[in-house]
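J.: Position 29, counted from 1, in the sequence shown is what numbering that gives the first Met the number 0 calls 28; the numbers after and before it change by one each time, with no gaps. Even for Gly, the Cβ is constructed at its ideal location relative to N, Cα and C. Got a structure for you, questions after.
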Amino acid sequence: MVLDGNEKKLNIDTKVVHGGKCFDPLTGAVSIPIYQSATFRHPGLNQTTGYDYSRLQNPTREEVENTLAYLENGSNAFAFSSGMAAISTVLSLFSPGQHIVVSDDLYGGTYRLFEEIYKKYGIDFTYVDTSKIEEIEASLNENTAAIFIETPSNPTMKVADIKLIADLAKKRNILTIVDNTFLTPLFQRPLDLGADIVVHSATKYLGGHNDTLAGFVVVNDVNLAERLKLIQKSEGAVLSPFDSWLILRGIKTLSVRLLKQQENAIAIAKWLKSNNNVEKVYYVGLPEHEGYEISKKQATGFGAMLSFTVKDEALVEKILERVKLIMFAESLGGVETLITYPIVQTHSAIPKEIRDRIGVNEKLLRLSVGIENAEDIINDLEQAMSF
Ligand SMILES: *Cc1c(COP(=O)(O)O)cnc(C)c1O
Numbered sequence: 000m001v002l003d004g005n006e007k008k009l010n011i012d013t014k015v016v017h018g019g020k021c022f023d024p025l026t027g028a029v030s031i032p033i034y035q036s037a038t039f040r041h042p043g044l045n046q047t048t049g050y051d052y053s054r055l056q057n058p059t060r061e062e063v064e065n066t067l068a069y070l071e072n073g074s075n076a077f078a079f080s081s082g083m084a085a086i087s088t089v090l091s092l093f094s095p096g097q098h099i100v101v102s103d104d105l106y107g108g109t110y111r112l113f114e115e116i117y118k119k120y121g122i123d124f125t126y127v128d129t130s131k132i133e134e135i136e137a138s139l140n141e142n143t144a145a146i147f148i149e150t151p152s153n154p155t156m157k158v159a160d161i162k163l164i165a166d167l168a169k170k171r172n173i174l175t176i177v178d179n180t181f182l183t184p185l186f187q188r189p190l191d192l193g194a195d196i197v198v199h200s201a202t203k204y205l206g207g208h209n210d211t212l213a214g215f216v217v218v219n220d221v222n223l224a225e226r227l228k229l230i231q232k233s234e235g236a237v238l239s240p241f242d243s244w245l246i247l248r249g250i251k252t253l254s255v256r257l258l259k260q261q262e263n264a265i266a267i268a269k270w271l272k273s274n275n276n277v278e279k280v281y282y283v284g285l286p287e288h289e290g291y292e293i294s295k296k297q298a299t300g301f302g303a304m305l306s307f308t309v310k311d312e313a314l315v316e317k318i319l320e321r322v323k324l325i326m327f328a329e330s331l332g333g334v335e336t337l338i339t340y341p342i343v344q345t346h347s348a349i350p351k352e353i354r355d356r357i358g359v360n361e362k363l364l365r366l367s368v369g370i371e372n373a374e375d376i377i378n379d380l381e382q383a384m385s386f
């Protein structure tokens, strides 16, 4: 028997291994080949193999797109050269005069894209704490066309109730867009909860090896899919065949990686909580975290991202200099543990007043926990944080 690629009965940790098509139907190759071709020969006039030109479609990209649609329970997915290219494509759906409500605690690059690029084209943005439905409701106006949420948010890990937000949005004909980078479809499937559009930076957990930039948009609506397809082929920020293949390869091990990363993150969060130099730990998987219960309701995991504040700002520079195994670098989701200083790296584009409101301050550090042995990561933190 051959899987038809549409089986919804399989468990998600099986689905990630086999992907959309499982194998190349032409040759039986278990690893979908890299179709490194820009164009495709037509059999005759008005005839096509299904592929014409790689900006429109390419067999390797098609497989990674179908895999994402399959994992997110969507009808269509679109692959882009980066997460930002994916988000930018979604923003091209909107018109001057429209308004979008956005999580105030979000990836700095997304904030920059909205404020520096799309604002110029007449789209308005309001940034609110999307873990509070009253704040979302209060910010809606007659031009509101979408609610864009990141959950858990970056870097203070606030959890927004996706179903509650999608229900509110549906009543008013507003689109719900969820950046699902942190939890991936392994742990959270926003379309199932009523969201209209899911975006990803596949550079992170989906790729998983800190070696490829990629992004996705996933929908479960034919009309939206057609509009996105038009933008994708017109703007052309598509994922290359080789990078599509790298992401396909990454996704196969998503489950084992993320489960191990999560196990490590829990151990590290507990250790940080007991450290004398630590003021506060932000990890969704700690029962005292504000979003713990909602998270348990809407996701099957807490992920492996955590942040913490140290008691004294002066310790930050020392910690960043002293870590050996843990690398001081931006990005997240890869097999290596990385430490980030959001205020100067990922969130430098966010104005001080928003940063102060959400708690991105001089004392906050963010960890993307990798798949190393937890004891080794903790020992590295221990030596870097003993003062
Ligand atoms: C990294 C990131 C992005 C941007 O993706 P790139 O692949 O770097 O363009 C968007 N959203 C979140 C949550 C991210 O972490």
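1. What are the complete alpha helix (DSSP H) segments, minimum 4 residues, inside the region 230 to 313?
2. So, with DSSP's three-state summary, where would you put Tyr52?
3. Near Lys317, what residues of its chain come up, given a Cβ to Cβ distance below 8 Å and the 5 sequence neighbours on each side ignored?
4. For ligand 1, any of its heavy atoms closer than 7 Å to the Cβ of Asp103?
5. Return the CA-CA distance between Asn372 and Asn263, expressed in angstroms with no decimal places.
6. Based on DSSP bridge pairs, tell me the residues matched to Gly27.
7. Comparing the CB of Lys203 with every heavy atom of ligand 1, is any distance shorter than 7 Å?
8. Is it right to say Pro341 is buried, meaning 16 or more other beta carbons lie within 10 angstroms of its own, or is it exposed?
9. Provide the residue(s) that pair with Asn75 in DSSP beta bridges, ordered along the chain.
10. Taking 7 Å as the line, does the beta carbon of Tyr69 fall inside it for any heavy atom of ligand 1?
11. Taking Cβ to Cβ, would you say Asn172 is nearer than 8 Å to Val197?
12. Which residue's Cα is closest to the Cα of Thr150: Arg256, Thr125, Asn378 and Lys131?
13. Using a 10 Å radius around the Cβ and a threshold of 16 neighbouring Cβ atoms, would you call Phe301 buried or exposed?
14. Taking the continuous beta strand (DSSP E) assigned at Asp123, which residues delimit it?
15. Leaving out five residues on either side along the sequence, give the residues of the same chain with a beta carbon under 6 Å from the beta carbon of Ala101.
16. Considering only C-alpha positions, which residue in the set Tyr204, Ile135 and Val216 is nearest to Ala84?
17. Just curious, the beta strand (DSSP E) that Val339 is in, first and last residue?
18. For Ala303 and Thr47, what's the separation of their Cα atoms in angstroms?
19. According to the neighbour-count rule (16 or more other Cβ atoms, all chains shown, within 10 Å of its Cβ), is Ala144 buried or exposed?
20. Looking at C-beta atoms only, is the number of pairs between the region 363 to 377 and the region 254 to 268 that lie closer than 8 Å three or more?
21. For ligand 1, is there a heavy atom less than 7 Å away from the beta-carbon of Tyr106?
22. Please identify the residue among Lys310, Asn378, Gly107 and Leu229 whose C-alpha is closest to the C-alpha of His466.
23. Give me the Cα-Cα distance between Gly284 and Lys269, rounded to the nearest whole angstrom.
24. Would the beta-carbon of Glu289 be found less than 7 Å away from any heavy atom of ligand 1?
25. CA-CA distance, Phe186 and Ile116?
26. Beta carbon of Val322, beta carbon of Glu361: below 8 Å?
27. Hey, Ile338 and Leu319 are a contact pair by Cβ (cut 8 Å); roughly how many whole angstroms apart?
28. Cα-Cα, which of Ala137, Asp12, Val16 and Asn10 is closest to Asp247?
29. So, do the region 227 to 241 and the region 80 to 96 have three or more beta carbon pairs nearer to each other than 8 Å?
30. Can you give me the Cβ contacts of Leu271 inside the same chain, cut-off strictly under 7 Å, excluding the 5 residues immediately before and after it?
31. Three or more C-beta pairs closer than 8 Å, one from the region 16 to 28 and one from the region 55 to 70: is that the case here?
32. In angstroms with no decimal places, state the Cα-to-Cα distance between Met0 and Ser30.
33. Are the CB atoms of Asp104 and Gln183 within a distance shorter than 8 Å?
T.: The structure says:
1. 240 to 251, 253 to 272 and 291 to 297
2. strand
3. Ala383 and Phe386
4. no
5. 8 Å
6. According to DSSP, Gly27 bridges with nothing at all.
7. yes
8. buried
9. Val218
10. no
11. no
12. Lys131
13. buried
14. Asp123 to Val127
15. Going by the sequence as given, residue 101 is Val instead of Ala. The residues are Phe124, Tyr126 and Phe147.
16. Val216
17. One detail in the question is off: residue 339 reads as Thr in this sequence, not Val. Start and end: Leu337 to Thr339.
18. 45 Å
19. buried
20. yes
21. yes
22. Outside the displayed span of the chain (0 to 386) sits residue 466, for which this structure offers no information.
23. 10 Å
24. no
25. 32 Å
26. no
27. 7 Å
28. Reading off the sequence shown, one finds Leu at residue 247, where the question assumed Asp. Among Ala137, Asp12, Val16 and Asn10, the Cα nearest to that of Leu247 is on Val16.
29. yes
30. Val277, Val280 and Phe307
31. yes
32. Confidence at Met0 is low in this model, with a pLDDT of 46, below 50, so the placement of that residue should be treated as unreliable; the coordinate-derived value is given next. Met0 and Ser30: Cα-Cα distance of roughly 18 Å.
33. Per the sequence presented here, residue 183 reads as Thr, with Gln not at that position. Not a contact, by the Cβ cut-off of 8 Å.
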